[in-house]
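Under our numbering, the first residue of the sequence shown is numbered 369, with each subsequent residue one higher.
Accompanying notes for the structure given below.
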Amino acid sequence: MKPEGEGVRAVRSVAGADESCPLLPQQSELYEPYPRSDGSRKTSSSPSKALSIALALFGVFLASADEQLVMATYGAIASDFQNLSDGSWLLTGYNLGYCIALPVDPKQLTDRVDTYCLFGLGCIITGTALSLWQAIAGRVISGIGGSGMIALISVIIIDIVPLDQVGVLRSYVNVAAIAGRSSGGPLGGFLADTIGWRWSFLGQAPIAIICSFLAGWQLPLESFNKIKIESHSDNTNHTSAGSGKLYDEDFLGGIMFSITITIFLLVLGLGGQKVSWDDPIIIYLAATCVVFGTAFVMREGLWAKKPLIPLWLMRRNGVGVFCVVQILLFSARFAFLSNLAPYFVRTEDANNTAAAAYIVPSSLGNAIGALLAGYVISRTYRYKALSLVSLAIGALSYVLVGLRWRHGTNLWESLYTFPAGLSFGMILSTQFIGLSASAPKPQTATAVSTYYLSQQVGILVGVGASAAILRMDFRKTLLRQLENYSDRDWIIQGVLRDSRFANSLPRVVQSIVRSSYLHSFQSVPILATCCSIMALPLIVCTREQSLRGEK
369 MKPEGEGVRA VRSVAGADES CPLLPQQSEL YEPYPRSDGS RKTSSSPSKA LSIALALFGV
429 FLASADEQLV MATYGAIASD FQNLSDGSWL LTGYNLGYCI ALPVDPKQLT DRVDTYCLFG
489 LGCIITGTAL SLWQAIAGRV ISGIGGSGMI ALISVIIIDI VPLDQVGVLR SYVNVAAIAG
549 RSSGGPLGGF LADTIGWRWS FLGQAPIAII CSFLAGWQLP LESFNKIKIE SHSDNTNHTS
609 AGSGKLYDED FLGGIMFSIT ITIFLLVLGL GGQKVSWDDP IIIYLAATCV VFGTAFVMRE
669 GLWAKKPLIP LWLMRRNGVG VFCVVQILLF SARFAFLSNL APYFVRTEDA NNTAAAAYIV
729 PSSLGNAIGA LLAGYVISRT YRYKALSLVS LAIGALSYVL VGLRWRHGTN LWESLYTFPA
789 GLSFGMILST QFIGLSASAP KPQTATAVST YYLSQQVGIL VGVGASAAIL RMDFRKTLLR
849 QLENYSDRDW IIQGVLRDSR FANSLPRVVQ SIVRSSYLHS FQSVPILATC CSIMALPLIV
909 CTREQSLRGE K
């Protein structure tokens with residue numbers, strides 16, 4: 369889910385959500401590896417090329433593990449800075465970097481060295497941060513660099529292997545990503561418990577630097593200039609003024625979009641926590657968010673030559689519906705997932721390693737669900753019914769969490785995260801195939817890039833909204849339960865700043881804090897369930913496209 373130029377983003381779409389999907393062009397159609405002086409294509413199976421592929425795949429592993437690493441340890445990081453209430457910004461910072469990178473010329477983001485160096489620089493800044501906001505700034509920079517990492521790796525793979533082996537290498541990329549998502553959380557938790565969370569970021573920096581040297585050594589700059597994709601419209605009003613430039617991005621639109629999202633998250637972070645909802649600051653911020661959001665929509669619909677979100681395309685064959693469904697699904701997924709490790713820290717006093725381990729069943733379920741959906745669709749050539757079934761499984765999983773985790777949980781009931789991940793992997797595959805079949809073929813790459821952008825918006829909304837709702841309800845519950853304690857404000861302040869502060873309190877107060885958190889946590893599965901249910905009528909109303917005969 370990284371931002372790329374139109375051609376590069378299409379590669380990400382092919383290599384990302386569903387490797388078995390035959391509906392998008394093969395990568396051999398998307399890339400033209402640079403020719404040698406004798407006119408032949410560059411191919412090699414030498415040991416050095418094998419090493420290059422291995423290191424490139426490790427780059428995929430690194431980027432995927434980084435996401436889960438922060439998911440598992442952001443509470444510990446924010447608690448170290450005594451600012452747990454703003455800890456969710458560590459999660460959204462990377463995604464904000466994604467949004468900031470949207471209007472940037474993709475040739476800049478897919479430079480052989482810059483993309484890894486930015487990622488490594490962000491890790492160094494986060495690992496050496498003296499304040500939470502410095503760490504968040506590092507995450508934003510990592511997001512900007514990481515936005516081109518997967519695309520760059522795809523270029524490396526295409527450039528150094530024969531075209532008939534590209535499909536095999538793409539499957540390896542998926543395996544590396546799954547391995548990263550599955551191991552990143554426990555690894556980050558283990559490092560946080562042993563040598564400290566800072567080294568989980570500082571340790572990534574030299575790896576990113578090695579990958580940058582590898583890219584600079586193995587992939588000449590000319591290779592990037594050979595990236596191409598056929599993407600044009602039958603309506604001249606929907607093209608880029610006929611310039612034919614691949615990287616004619618909507619810079620101003622991207623800035624407006626980034627500002628809108630950032631202000632929205634600020635409203636969620638400040639409202640009801642640091643200032644009241646009717647405070648003039650909140651009103652001004654909300655009004656500014658509406659102004660920039662409206663200006664962005666107007667620009668995309670009226671003036672942008674190559675909009676980030678083509679509104680005309682959103683009305684074609686339900687493409688816009690698929691994107692809205694992604695916002696809802698990712699909001700549900702990350703509203704739940706971002707609060708999973710903190711739940712076990714607060715209620716079971718789990719260490720960082722154990723808390724992170726509870727994320728693994730969901731990641732494994734996600735991978736299995738994607739494979740299962742791909743197998744079923746390849747047999748039945750149908751995807752809509754499977755979408756509805758997987759959505760129902762996901763909603764039921766969130767309901768079970770809400771009902772069974774109210775007073776704590778045990779090992780077996782903690783595995784409700786597995787069907788939640790299973791359903792998410794299944795519905796991602798079915799929806800991706802549905803979008804690919806529904807989007808007008810000349811605009812498939814543009815539709816897929818908007819689809820991935822919708823996923824990022826869903827992550828930002830889910831993490832921000834769940835953190836704000838849980839935090840507000842937790843504070844209110846503590847105020848009510850600790851009403852007779854003279855040092856109530858001091859206790860609440862400490863509990864909200866540090867996830868393990870309650871361990872220093874008397875057992876009676878610890879019990880009150882735990883029960884208050886369990887009560888407030890119910891808002892998380894409720895939010896996830898509501899988002900899932902809202903997606904139901906949208907999926908029902910979309911028309912299922914025929915998959916037979918697609919190549």
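Ideal Cβ positions, reconstructed from N, Cα and C, are used throughout, including at glycine.
Comparing C-alpha distances from M439 to each of T818, S817, G548 and L783 shows the shortest one belongs to G548. Per the C-alpha coordinates, the member of I880, R916 and G688 positioned closest to S817 is G688.
At the C-beta level, W565 and A444 come within 8 Å of one another. Between the region 707-727 and the region 866-885, the count of C-beta pairs closer than 8 Å reaches three or more; the two stretches touch. Per the coordinates, the alpha-carbon of L739 lies some 11 Å from the alpha-carbon of L796.
G553 places its beta carbon 8 Å or farther from that of V692. Exclusion of the five residues before and after L459 leaves V438, M439, Y442, S706 and V831 as the residues of its chain whose Cβ lies within less than 7 Å of its Cβ. Secondary structure note for E716: its alpha helix (DSSP H) is the uninterrupted segment L708 to E716. Residue range T785 to S806 is occupied by the alpha helix (DSSP H) that includes F800. Distance check between Q572 and each of L638, T496, D646 and V643 places T496 closest, using alpha-carbon atoms only. The region 870-888 and the region 898-918 do not touch, with fewer than 3 CB-CB distances between them shorter than 8 Å. Scanning Q823, S699 and S879 for the CA closest to the CA of H775 turns up S879.
Sequence-distant Cβ neighbours of Q913 in its own chain, meaning closer than 6 Å and more than five residues away, are A805 and S806. In the structure shown, the three-state DSSP call for G455 is coil. Residue pairing from DSSP places V643 in a beta bridge opposite G639. Contact between V643 and I650 holds: CB atoms are separated by about 6 Å, below the 8 Å threshold. Secondary-structure assignment with DSSP links G776 through a beta bridge to R774. By the Cβ-count criterion, S746 is exposed, with fewer than 16 other Cβ atoms from all chains shown falling within 10 Å of its own Cβ. With respect to the 8 Å criterion, T656 and I677 are not classified as neighbours on the basis of their beta carbons.
In its chain, beyond the 5 residues on either side, T494 and A497 have a beta carbon closer than 6 Å to the beta carbon of A503. Rounded to whole angstroms, the Cβ separation of L633 and L828 is 6 Å, and the two are in contact under 8 Å. For A833, the number of other beta carbons within 10 angstroms of its own is at least 16, and it is reported as buried. Taken atom to atom, the span from the alpha-carbon of P787 to that of L764 is near 9 Å. Taking C-beta atoms as the reference points, L708 and T785 count as a pair closer than 8 Å. Beyond the five residues adjoining it in sequence on each side, K752 comes within less than 6 Å, by CB distance, of E912 in the same chain, given in chain order. Note that the C-beta distance between T628 and G669 is not below 8 Å. The Cβ-Cβ distance between S515 and A469 falls below 8 Å. Sequence-distant Cβ neighbours of A815 in its own chain, meaning closer than 7 Å and more than five residues away, are L681, V687, L803 and A807.
Considering only F487, F558 and L559, the residue with the shortest C-alpha distance to S580 is F487. Look at the region 855-908 and you find these whole runs of alpha helix (DSSP H), each 4 residues long or longer: 856-865 and 875-889. 8 Å or more divides the Cβ of G465 from the Cβ of I421. Within the model, the alpha-carbon separation for A446 versus V877 is close to 23 Å. When rounded, the separation of the alpha-carbon atoms in G640 and L771 is 27 Å. Taking every protein chain shown into account, the CB of C467 has 16 or more other CB atoms within 10 angstroms, so this residue is buried. In the three-state reduction of the DSSP assignment, Q913 falls in the coil class, being assigned neither a helical nor a strand state.
Each of R875, P675 and D434 was checked against the Cα of L821, and the nearest Cα belongs to P675.
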